[in-house]
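Participant: First the structure, which I've put down as structure tokens, then a few questions once you've had a look.
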Amino acid sequence: MFRIGCHISASGGYLAMGKRIDALGGNTFAFFTRNPRGGAAKDIDQADVDAFRTFCREKDIDRIVAHAPYTLNPCAEKENVREFALTAFSDDLRRMEYTPGQYYNFHPGSHVGQGLEVGIAKIAEVLNQVLFPGMTTTVLLETMAGKGSEVGGRFEELRAVMDRVTLSDKLGVCLDTCHVWDAGYDIVNDLDGVLTAFDKAVGLDRLKAVHLNNTKNDLGAAKDRHEKLPDGKLPLEAIRRIVTHPALEKLPFILETPNDEAGYAAEIALVRQLHG
Ligand code: FE
Ligand code: FE
Ligand code: ZN
Numbered sequence: 381m382f383r384i385g386c387h388i389s390a391s392g393g394y395l396a397m398g399k400r401i402d403a404l405g406g407n408t409f410a411f412f413t414r415n416p417r418g419g420a421a422k423d424i425d426q427a428d429v430d431a432f433r434t435f436c437r438e439k440d441i442d443r444i445v446a447h448a449p450y451t452l453n454p455c456a457e458k459e460n461v462r463e464f465a466l467t468a469f470s471d472d473l474r475r476m477e478y479t480p481g482q483y484y485n486f487h488p489g490s491h492v493g494q495g496l497e498v499g500i501a502k503i504a505e506v507l508n509q510v511l512f513p514g515m516t517t518t519v520l521l522e523t524m525a526g527k528g529s530e531v532g533g534r535f536e537e538l539r540a541v542m543d544r545v546t547l548s549d550k551l552g553v554c555l556d557t558c559h560v561w562d563a564g565y566d567i568v569n570d571l572d573g574v575l576t577a578f579d580k581a582v583g584l585d586r587l588k589a590v591h592l593n594n595t596k597n598d599l600g601a602a603k604d605r606h607e608k609l610p611d612g613k614l615p616l617e618a619i620r621r622i623v624t625h626p627a628l629e630k631l632p633f634i635l636e637t638p639n640d641e642a643g644y645a646a647e648i649a650l651v652r653q654l655h656g
């Protein structure tokens with residue numbers, strides 16, 4: 381089954397999200413587990429989750445890729461920021477168990493002057509505190525554009541984090557096409573080479589989801605500015621090669637392009653057409 385969807389609003393709860401993505405023509409989706417700028421999450425309503433899971437079975441929706449808030453920085457220097465990362469991460473993983481076996485994606489974070497090594501160690505430390513035996517969620521580290529002091533612009537950095545985590549079998553990677561391009565990986569002219577590099581550094585079996593975005597920037601710009609699929613630096617032919625590549629085709633593709641709902645519906649249809 382080909383899975384394509386987009387980032388949607390979490391308002392109204394789980395069943396509302398299921399209906400929202402179905403109306404857009406998608407069969408997978410991402411949402412913020414709480415306000416992206418931080419704060420507490422709403423209580424989960426068991427009846428809503430039950431109705432959502434029934435709806436998903438009817439509609440063949442079997443994969444959700446929850447997104448941690450942007451403010452969650454596991455390698456922050458400030459203690460209160462790191463404290464929020466720990467609390468929110470831990471609470472989100474507990475909540476994810478209402479929808480067993482799904483994905484929770486987070487940005488490894490920015491080390492803000494502490495250096496890459498300290499950043500990597502701190503991210504792993506947070507993971508070692510929040511992962512628990514018996515959890516059914518897979519936690520995905522997102523590939524980053526390498527903007528500022530972001531950790532995760534190189535595949536080897538993700539691997540270095542994973543190597544330090546005891547329950548590393550609970551970890552995977554989400555590849556963001558805008559981010560890897562901005563980080564200098566040429567997915568337009570050498571997709572196979574990039575995937576080989578990923579396989580060497582991390583292992584393709586760890587690749588669990590794709591954020592399918594175009595980008596406003598040139599290769600290696602280290603900027604992270606998403607663009608609509610038909611408009612950015614990645615030609616549609618490159619997008620087509622990505623969604624049909626044998627190593628990627630089975631993964632959920634999530635659009636995070638600057639669109640309203642009508643725009644997302646159109647891009648979901650476009651990707652289905654590209655996939656064939
Ligand atoms: Fe992200
Ligand atoms: Fe992303
Ligand atoms: Zn981004």
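So the sequence shown is residues 381 to 656, counted in our numbering.
Think of the CB as a built atom: it goes at the ideal place given N, C-alpha and C, for glycine as much as any other residue.
Going by C-alpha distance, which of 504, 656, 439 and 608 is nearest residue 403?
Facilitator: Checking every option, the nearest Cα to that of residue 403 belongs to 439.
Participant: Taking 6 Å as the cut-off, is the C-beta of residue 607 nearer than that to any heavy atom in ligand 1?
Facilitator: Residue 607 Cβ: outside cutoff for every heavy atom of ligand 1.
Participant: When the Cβ atoms of the stretch 620-629 are set against those of the stretch 444-462, are three or more pairs found closer than 8 Å?
Facilitator: With the cut-off at 8 Å, the stretch 620-629 and the stretch 444-462 do not touch.
Participant: Taking the Cβ atom as the reference point for each residue, do residue 409 and residue 385 lie within a distance shorter than 7 Å?
Facilitator: Against a cut-off of 7 Å, the Cβ pair of residue 385 and residue 409 comes out as a contact.
Participant: Is residue 497 close to ligand 1? I mean its beta-carbon at under 6 Å from any heavy atom of the ligand.
Facilitator: Flag unset: Cβ of residue 497 not near ligand 1.
Participant: Looking at the unbroken beta strand (DSSP E) that takes in residue 655, where does it start and where does it end?
Facilitator: Unbroken run through residue 655 is the alpha helix (DSSP H), 641-655; no beta strand (DSSP E).
Participant: Could you pull the DSSP bridge partners for residue 530 from this structure?
Facilitator: The partner list for residue 530 (beta bridge, DSSP) reads 490.
Participant: Assuming residue 555 contacts residue 587 under a Cβ cut-off of 8 Å, what Cβ separation, rounded to an integer in Å, is found between them?
Facilitator: Indeed they touch by this definition, with Cβ atoms about 6 Å apart.
Participant: Out of curiosity, what's the CA-to-CA distance linking residue 455 and residue 522?
Facilitator: About 14 Å.
Participant: Hey, how far is the Cα of residue 396 from the Cα of residue 477?
Facilitator: Going by the C-alpha atoms only, they are around 19 Å apart.
Participant: Counting Cβ pairs closer than 8 Å, one from the stretch 603-612 and one from the stretch 564-574, do we hit at least three?
Facilitator: The stretch 603-612 is not in contact with the stretch 564-574.
Participant: Rounded to the nearest angstrom, what separates residue 524 and residue 502 at their Cα positions?
Facilitator: Distance between the alpha carbons of residue 524 and residue 502 is about 17 Å.
Participant: Over what stretch of residues does the beta strand (DSSP E) that includes residue 432 continue unbroken?
Facilitator: It is not in any beta strand (DSSP E) - residue 432 instead sits in the alpha helix (DSSP H) that spans 426-439.
Participant: Between the beta-carbon of residue 516 and the beta-carbon of residue 552, is there less than 7 Å?
Facilitator: In this structure, residue 552 does not lie closer than 7 Å to residue 516 by Cβ.
Participant: Quick one, are the C-beta atoms of residue 500 and residue 563 less than 7 Å apart?
Facilitator: It is not a contact, given that the beta carbons lie outside the stated cut-off.
Participant: Applying the 10 Å Cβ sphere with the 16-neighbour rule, what's the burial state of residue 407?
Facilitator: That one is buried.
Participant: In angstroms, rounded to a whole number, what distance separates the CA positions of residue 426 and residue 560?
Facilitator: Using only the alpha carbons, I get a separation of about 38 Å.
Participant: Please say whether residue 593 and residue 557 have beta carbons closer to each other than 7 Å?
Facilitator: Yes, the pair counts as a contact, with Cβ atoms nearer than the cut-off.
Participant: CA-CA distance, residue 422 and residue 600?
Facilitator: Those two C-alpha atoms are separated by around 39 Å.
Participant: Drop a sphere of 10 angstroms on the beta-carbon of residue 536, count the other beta-carbons inside from all chains shown, and report buried for 16 or more, exposed for fewer.
Facilitator: Exposed, by the Cβ-count rule.
Participant: Evaluate residue 383 with the Cβ neighbour count: other Cβ atoms within 10 Å of its Cβ, from every protein chain shown; 16 or more gives buried, anything less gives exposed.
Facilitator: Flag for residue 383 reads buried.
Participant: Report the rounded CA-to-CA distance for residue 462 versus residue 652, giving the unit in angstroms.
Facilitator: Going by the C-alpha atoms only, they are around 40 Å apart.
Participant: How would the residue list near ligand 2 read, in chain order, if you kept each one whose beta-carbon is closer than 6 Å to any heavy atom?
Facilitator: Qualifying residues come out as 522, 556, 591 and 636.
Participant: Going by the CB atoms, is the gap between residue 488 and residue 533 shorter than 7 Å?
Facilitator: No, the pair does not count as a contact, with Cβ atoms beyond the cut-off.
Participant: For residue 450, which of helix, strand or coil comes out of DSSP?
Facilitator: Correct three-state label for residue 450: coil.
Participant: Take the Cβ of residue 642 as the centre, count every other Cβ of all protein chains shown within 10 Å, and call the residue buried at 16 or more, exposed below.
Facilitator: Classification for residue 642: exposed.
Participant: For residue 589, name the three-state secondary structure that DSSP assigns.
Facilitator: Looking at residue 589 - three-state DSSP - the assignment turns out to be strand.
Participant: Which term fits residue 584, buried or exposed, when burial requires 16 or more other beta carbons within 10 angstroms of its beta carbon?
Facilitator: Per the 10 Å Cβ criterion, exposed.
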